[in-house]
Structure formats: C-alpha cells, structure tokens
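Undergrad: In this note's numbering, the protein residues as written are 2 to 213. All C-beta atoms in this analysis are idealised placements derived from N, C-alpha and C, irrespective of residue type, glycine included. There's a structure below that I have some questions on.
Structure representation (structure tokens):
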C-alpha cells in the first residue's frame, strides 16, 4: 500500500507540474496580449475614443477564448486556437493580437505546403512560438521580429528579433525552461542565442516520425 501511494503521489506531482506549465504557456501569452490591448485601449479612450470600442470588443472576444482555454486545459485538450485554426492559423492569429497593441512588427514566414503534423508537435511548436513572442514584446525592445517554420526531416521553428539581445547563460526562468521542455517532450531540441544581426534567436527542431 505504501508503495502504491508513492507512485500515486509521483503521478499527481507530474500532473500538477503539467497543468502549471500549460497554464503558464497557454494563458500567459494570451493574458499578456490582452493586457497590452487594455493599455492600448486606455490610450485610445483619451485620444481616439471612436477606435477604442472595436478594440475593446476584440479584447472581450479574446477573454472568452482565454476562458475556453482554461476549460480545455482542465479537460486535457490541446489549445483552442489549434483546434479552430491549425498550427499556421493559430500562430498568425496570435501575432494578429499583438499587431495593434505593441510597436514591434512581427512577420510570419511559413511555406504554403507545410504538411499535416502530429498533434504533439503542433502543440510544442505553437507554445514555443507564443512564449518566444511574449519574451520579445516584454523584454527585447525590438522593432522587428520574424517567425519562421519549415519542414526538412522534421519541423523547424525560429523566432528572431532585432532587440537588445539575450544571454543564454543568464537567468533561466519558467518561460525558457518551458520552451526547452516542450521541445524535449517530442524528442526535439531547443536553443536560444544571439542573432547574427543582433537581437535574439530562439530555435527548435522538432522531429516527426518518418520525416516530413
């Protein structure tokens, strides 16, 4: 009985860790985008009231999506945006939420023939992109950022910005650990380094069974 209890506790701890990470990865970027939108709306109320209404309506819709995401996470389902739009559509939708509330210009470069991918790989890629973009808008001071995804024996993901640059040997917060774990869980690799032209490069290589 004591042995079974220990196994149960380990399983509960692992489940709790996954839920906490999913809350951080899923709701963190969504709520950060909503907070940016509310800041922009507050500015518009004072300077351009006619534009504040449509933005607030979009923020209300995004909040409904966040509530739906909580329910999906509680049920162990994959992200709501992936369920509705697929990987590329979900990434573009997340980028669109940042477009009118933060000065950084985010460009998405994805080939039109990106193949269908396993759900676990899609989830890992989406979470890594969202977390990387959250770091860009919060910390990088960037003006431009490029999100790239392509397939060559697996799915390759890059998020490159022209901001102040990152130091991979520095602090390793929850977000960085989470991206690394997301890649490792599907047998992939993750790295963060200085971009060739300055700024930061986040890259993940996510294998797909049989290759793509």
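1) Anyone know if the C-beta pair for residue 207 and residue 155 falls short of 8 Å?
2) DSSP beta-bridge partners for residue 161?
3) Okay, do the stretch 80-95 and the stretch 52-64 touch, 3+ Cβ pairs below 8 Å being the bar?
4) How big is the Cα-Cα spacing for residue 171 and residue 194?
5) Starting from residue 180, follow its DSSP beta bridges and name the residues at the other end.
6) For residue 60, which beta-bridge partners are listed by DSSP?
7) Would residue 21 and residue 99 be called neighbours here (beta carbons separated by less than 8 Å)?
8) Can you pull the DSSP bridge partners for residue 106?
9) How about residue 203 and residue 160: do their beta carbons lie closer than 8 Å?
10) Using a Cβ-based criterion (distance less than 7 Å to any ligand heavy atom), does residue 145 qualify as near the ligand COA?
11) Is residue 23 helix, strand or coil when you go by DSSP?
12) Does chain C have any CB closer than 8 Å to the CB of residue 23?
13) How should residue 80 be labelled, buried or exposed, when 16 other C-beta atoms within 10 angstroms of its C-beta is the threshold for buried?
14) Consult DSSP for residue 54 and reduce its assignment to one of helix, strand or coil.
15) Counting only the same chain and skipping the five closest in sequence on each side, list residues whose C-beta sits under 6 Å from that of residue 187.
TA: Reading off the structure:
1) Numbered from 1 along the chain shown, position 206 holds the residue referred to as residue 207. Numbered from 1 along the chain shown, position 154 holds the residue referred to as residue 155. The answer is yes: Cβ separation under 8 Å.
2) Mapped onto the chain shown, residue 161 falls at position 160. DSSP, once it has assigned bridges, lists 147 and 202 as partnering residue 161.
3) No, because fewer than three Cβ pairs between the stretch 80-95 and the stretch 52-64 fall closer than 8 Å, the two stretches do not touch.
4) Indexing the chain shown from 1 puts residue 171 at position 170. Indexing the chain shown from 1 puts residue 194 at position 193. Below a pLDDT of 50, predicted positions are generally treated as unreliable, and residue 171, at 45, falls in that range; the measurement from the model is reported next regardless. Looking at the two C-alpha atoms, the distance is approximately 11 Å.
5) Your numbering for residue 180 matches position 179 in the chain shown. None; residue 180 has no bridge partner.
6) Walking along the chain shown from the start, residue 60 turns up at place 59. Residue 60 pairs with nothing; no bridge assigned.
7) To locate residue 21, count along the chain shown from 1; it is residue 20. To locate residue 99, count along the chain shown from 1; it is residue 98. Cβ atoms of residue 21 and residue 99: not closer than 8 Å.
8) As a position in the chain shown, residue 106 is number 105, starting the count at 1. Note: residue 106 sits in a beta bridge opposite 145.
9) Taking the first residue of the chain shown as 1, we reach residue 203 at position 202. Taking the first residue of the chain shown as 1, we reach residue 160 at position 159. It is a contact, given that the beta carbons lie within the stated cut-off.
10) With respect to the ligand COA, the structure shown offers nothing to examine, as it has no ligands at all.
11) Residue 23 sits at position 22 when you count from the first residue of the chain shown. Residue 23 falls in the helix class under three-state DSSP.
12) The structure shown contains no chain C; it is built from a single protein chain.
13) Locating residue 80 in the chain shown gives position 79, where the first residue counts as 1. It is buried - the Cβ of residue 80 has at least 16 other Cβ atoms within 10 Å.
14) Residue numbering aside, residue 54 sits at position 53 when the chain shown is read from its first letter. Residue 54: helix per DSSP, three-state reduction.
15) Stepping through the chain shown from its first residue, residue 187 is reached at position 186. 121, 122, 125 and 207.
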